[in-house]
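Undergrad:
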Amino acid sequence: MKGDILLQNVQVRGFIPATIGKNAKEGKKKIKIAIEKKLGKNIDSVRKRCEGKPLWISVTFYLKKDSAHAKKDLDSLSNVLLAVLSKEMSSGKDAEPGLEIIKDDSTVYRIIFEKKMIDSESDEGFTFSIYEWSYS
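Here our numbering is used: position 133 in the sequence shown is 133, and no number is missing along the way.
1) Mark Met117 as exposed unless 16 or more other C-beta atoms lie within 10 angstroms of its C-beta, in which case mark it buried.
2) Considering just the uninterrupted stretch of the alpha helix (DSSP H) at Gly27, what are its terminal residues?
3) Just tell me which of Asp104, Pro54 and Glu124 has its CA closest to the CA of Ser134.
4) State the beta-bridge partners of Thr60 as determined by DSSP.
5) For Ile112 and Phe61, what's the separation of their Cα atoms in angstroms?
6) Report the rounded CA-to-CA distance for Ala95 versus Lys87, giving the unit in angstroms.
7) Pull the bridge partners of Arg47 from the DSSP assignment, please.
8) Does DSSP put Glu100 in a helix, in a strand, or in coil?
9) Measure the alpha-carbon distance for Cys50 versus Thr127 and round it to whole angstroms.
10) Mapping the DSSP letters down to three states, classify Asp4 as helix, strand or coil.
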């Protein structure tokens, strides 16, 4: 069930959504910078609104139809975004901090992913919203 809207319709457009692989690290950095730019000084407020709450996330990926990356599975597309929203985008000796909007994956109770095919490469990207999960 949809609860309170914690972060609504953040749009990141103008680049091919990254997937796990050799370019994932660079893709994560681009996504992180784009989201930080969109949220600006509100990022701390978003973190506080999400902290300790059960969450659900809705993500729509916009991909140029008939392109190679349009054939990527949703799991690969979503892993990069979820890593960016978490505490750490990567682990190990080259660990990169994430946005810390989702501090613990165990607080995510529902995820909806969707791919939409578009005609223009310049419109590629994604939109996402984060809601508080309501049990009723």
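In this text, a Cβ means the ideal position worked out from N, Cα and C, and glycines have one as well.
TA: Straight from the coordinates:
1) Result: exposed.
2) Element bounds for Gly27: Ala24 to Leu39.
3) Closest option to Ser134, Cα to Cα, is Pro54.
4) Thr60 pairs with Glu114 and Thr127.
5) If you draw a straight line from the Cα of Ile112 to the Cα of Phe61, it is about 11 Å long.
6) If you take the alpha carbons of Ala95 and Lys87, they lie about 10 Å apart.
7) Arg47 pairs with nothing; no bridge assigned.
8) Here Glu100 sits in coil by DSSP.
9) C-alpha separation (whole angstroms): 18 Å.
10) Strand, per DSSP.
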